[in-house]
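Q: The following block contains the structure, expressed as structure tokens.
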Amino acid sequence: MDSNEPLRLTPFHRALHRPQQIMGGERELMLFSMLIAGGLVVSALNLLATGIGLVLWLVCVYGLRKMAKADPEMSKVYLRQLKYRAYYSPFSRPFRLAKSPRVY
354 MDSNEPLRLT PFHRALHRPQ QIMGGERELM LFSMLIAGGL VVSALNLLAT GIGLVLWLVC
414 VYGLRKMAKA DPEMSKVYLR QLKYRAYYSP FSRPFRLAKS PRVY
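Each residue of the sequence shown is one higher than the last, beginning at 354 in this note's numbering.
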């Protein structure tokens, strides 16, 4: 490649890496909150349960939208860090002495 040639630009389409969201929240969590609130309303079939289900769903939507705004895949990151909890030691430096003996 000649040094005078311009760099080749490859288009990177947004749809290929965009996180899947519904109403601004993570897809799976939003659908699950809809299922729980809808199940509450349908199972009780009265006005009080409808109000409680609606309030529950609106609170979930608010929280899930704020969560997705911070990180669109926060639940997946959280579940992954739970899986690796035993792998990472809770100490800040590699040569720090533990207060209690650790067995590996």
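For each residue, glycine too, the CB sits at the ideal point set by N, CA and C.
If you're wondering where the values come from, they're calculated on a predicted model, not measured in any experiment.
Leu-393 and Gly-404: beta carbons closer than 8 Å?
A: As a first step, residue 393 must be located in the sequence shown, where it is residue number 40. As a first step, residue 404 must be located in the sequence shown, where it is residue number 51. Result no, Cβ atoms of Leu-393 and Gly-404 do not sit closer than 8 Å.
Q: Quick one: what's Gly-406 bridged to in DSSP?
A: Within the sequence shown, the letter at position 53 stands for residue 406. Answer by DSSP bridge pairing: none, since Gly-406 is not bridged.
Q: What are the residues that DSSP puts in a beta bridge with Ile-375?
A: Translated into positions along the sequence shown, residue 375 becomes position 22. The partner list for Ile-375 (beta bridge, DSSP) reads Gly-378.
Q: Let me confirm a value: Gly-378 is counted as buried when at least 16 other C-beta atoms fall within 10 Å, else exposed. Which label applies?
A: The residue you call residue 378 lines up with position 25 of the sequence shown. Counting Cβ neighbours within 10 Å, Gly-378 comes out buried, since at least 16 surround it.
Q: Decide if Ser-356 is buried, meaning its Cβ has at least 16 other Cβ atoms within 10 Å, or exposed.
A: Locating residue 356 in the sequence shown gives position 3, counting from the first residue. Its Cβ having fewer than 16 others within 10 Å, Ser-356 is exposed.
Q: With DSSP as the reference, label Ser-356 as helix, strand or coil.
A: If you number the sequence shown from 1, residue 356 lands on position 3. In this structure, Ser-356 counts as coil in the three-state DSSP scheme.
Q: Alpha carbon to alpha carbon, how far is Leu-398 from Lys-429? Give it in angstroms, no decimals.
A: Against the sequence shown, residue 429 aligns to sequence position 76. Against the sequence shown, residue 398 aligns to sequence position 45. When rounded, the separation of the alpha-carbon atoms in Lys-429 and Leu-398 is 34 Å.
Q: Terminal residues of the continuous alpha helix (DSSP H) containing Arg-329?
A: Residue 329 is absent from the model: the chain starts at 354 and stops at 457.
Q: Please report the distance separating the alpha-carbon of Gln-373 from that of Phe-385.
A: Taking the sequence shown and counting its residues from 1, the one referred to as residue 373 is at position 20. Taking the sequence shown and counting its residues from 1, the one referred to as residue 385 is at position 32. Gln-373 and Phe-385: Cα-Cα distance of roughly 14 Å.
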